[in-house]
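Sequence order for the protein chains is D and A.
According to my numbering, the first sequence is numbered sequentially starting from 747.
According to my numbering, the second sequence is numbered sequentially starting from 690.
Heads up, the beta-carbon is just placed ideally off N, CA and C, and yes, glycines get one too.
Accompanying notes for the structure given below.
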Amino acid sequence: MTPMIDVVFLLIIFFLVSSHLARQETQLELDLPEASSGEQVEVTMAPRVVINVTEFGEFMLAGRQVTAEQLQQQLGNRIRKEGRELEVRIRSDRNIAFAKVRPIMLACAKVGIWNVTFAVYQAMEAPR
Amino acid sequence: MRRPSVFHRDQGGLEIKMTPMIDVVFLLLVFFVWTASFHAVEYLLPSSLSQQLGNAAVIDSPPPEVEFEDVIVRILWQDDQVVWQVNGQDVLSLDEVKQRLQLVAGIKTDAPVILHPDEEVPVGDVIDVYDISRIAGFDKIQFAIAQ
Chain D
747 MTPMIDVVFL LIIFFLVSSH LARQETQLEL DLPEASSGEQ VEVTMAPRVV INVTEFGEFM
807 LAGRQVTAEQ LQQQLGNRIR KEGRELEVRI RSDRNIAFAK VRPIMLACAK VGIWNVTFAV
867 YQAMEAPR
Chain A
690 MRRPSVFHRD QGGLEIKMTP MIDVVFLLLV FFVWTASFHA VEYLLPSSLS QQLGNAAVID
750 SPPPEVEFED VIVRILWQDD QVVWQVNGQD VLSLDEVKQR LQLVAGIKTD APVILHPDEE
810 VPVGDVIDVY DISRIAGFDK IQFAIAQ
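Shown next as structure tokens:
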């Protein structure tokens, strides 16, 4: 029995870990801002666009680098397809200037997306 | 030739097998090391744009006429440092901003808070102010976006 249990255990752990890593790979690693009033991410089927802003100020949309104009165009396409409940999630590096994030919010406002959220890490203590 | 004693044989039977134990301990070790290195959990800060559909949630230019009830928090960037202004008055620390916001929130929470960060201010500092406005209990927190 023992060798079989060994092997089965190993396989279980392997698949657990690899599935976890595979899920993680879908997210770009960023130094997100911290906040203490953040809310739990709910897993929903609602249409969502995640925009990553890297530490170099590049916009990453669906794994590709886009310009502010392309972003607005693509957001416009998405809202025409998905309707008003489209959610835009901004994952931004905390050290980037606000001027880099502003075009995203402006683009959202222009095409009529109001459901904009910021991804944050939970702050360990109260904000400074 | 000496006959092996009864006691000796008994001792042999009590021997602990190390290999399976090491197997299991290794497995546990690998598992815990792996799980410990996972990312921090992400949370979401919903923006108030989501609650009000359409009606001037994002202001395209700095508000031309300042209404009395609005709380305008400017986040300025001077000499590579963040400086805050609440309704035109300089505030020296984020704690003080928090106190002032809580003071206003104690009177009425439906007053809109308008955040007006300078271009150079890091996003982290903007989110800090956004966060304390949320903690203070304001319902409407808006961003002023000048073009």
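By the CB criterion at 7 Å, residue 856 (chain D) and residue 799 (chain D) fall outside the cutoff. For residue 717 (chain A), no CB of chain D lies under 7 Å from its own CB, so it is not counted at the interface with that chain.
Contact with chain D is absent for residue 827 (chain A), since none of that chain's Cβ atoms lies less than 7 Å from the residue's Cβ.
DSSP places residue 837 (chain D) in the uninterrupted beta strand (DSSP E) bounded by 833-838. The CB of residue 704 (chain A) never comes closer than 7 Å to any CB in chain D; the least such distance is about 17 Å.
Residue 760 (chain A) and residue 793 (chain A) do touch by the CB rule: their CB atoms are close to 6 Å apart, below 8 Å. Annotation: residue 808 (chain D) is outside any alpha helix (DSSP H) and is labelled neither H nor E by DSSP. The Cβ atoms of residue 853 (chain D) and residue 818 (chain D) lie closer than 7 Å to each other. Between residue 825 (chain A) and residue 790 (chain A), the C-beta spacing is below 7 Å. Judged by DSSP secondary structure, residue 844 (chain D) falls within the alpha helix (DSSP H) whose first and last residues are 844-857.
Under a 10 Å Cβ-count criterion, residue 808 (chain D) is classified as exposed, with fewer than 16 other Cβ atoms of the shown protein chains found around its own Cβ. For residue 865 (chain D), there is no enclosing alpha helix (DSSP H); the enclosing beta strand (DSSP E) has its first and last residue at 861-868. In this structure residue 777 (chain D) is not in contact with residue 804 (chain D), their Cβ atoms being roughly 14 Å apart against a cut-off of 8 Å.
One Cα belongs to residue 777 (chain A), the other to residue 762 (chain D), and the distance between them is close to 55 Å. The criterion of a C-beta distance shorter than 7 Å is satisfied by residue 732 (chain A) and residue 866 (chain D).
In this chain, the alpha helix (DSSP H) harbouring residue 784 (chain A) covers 783-796. Of the candidates A:808, A:807 and A:803, A:803 places its Cα closest to the Cα of residue 819 (chain A). Residue contact with chain D for residue 824 (chain A): present (Cβ-Cβ distance below 7 Å to some residue of chain D). The Cβ atoms of residue 812 (chain A) and residue 840 (chain D) sit closer than 7 Å to each other. In terms of CA proximity to residue 734 (chain A), D:786 leads the group D:766, D:786 and D:775. Excluding five sequence positions before and after residue 817 (chain A), the CB atoms of its chain that fall closer than 8 Å to its own CB belong to 783, given in chain order.
At least one CB of chain D lies nearer than 7 Å to the CB of residue 811 (chain A). Between the alpha carbons of residue 815 (chain D) and residue 795 (chain A) lies a distance of about 42 Å.
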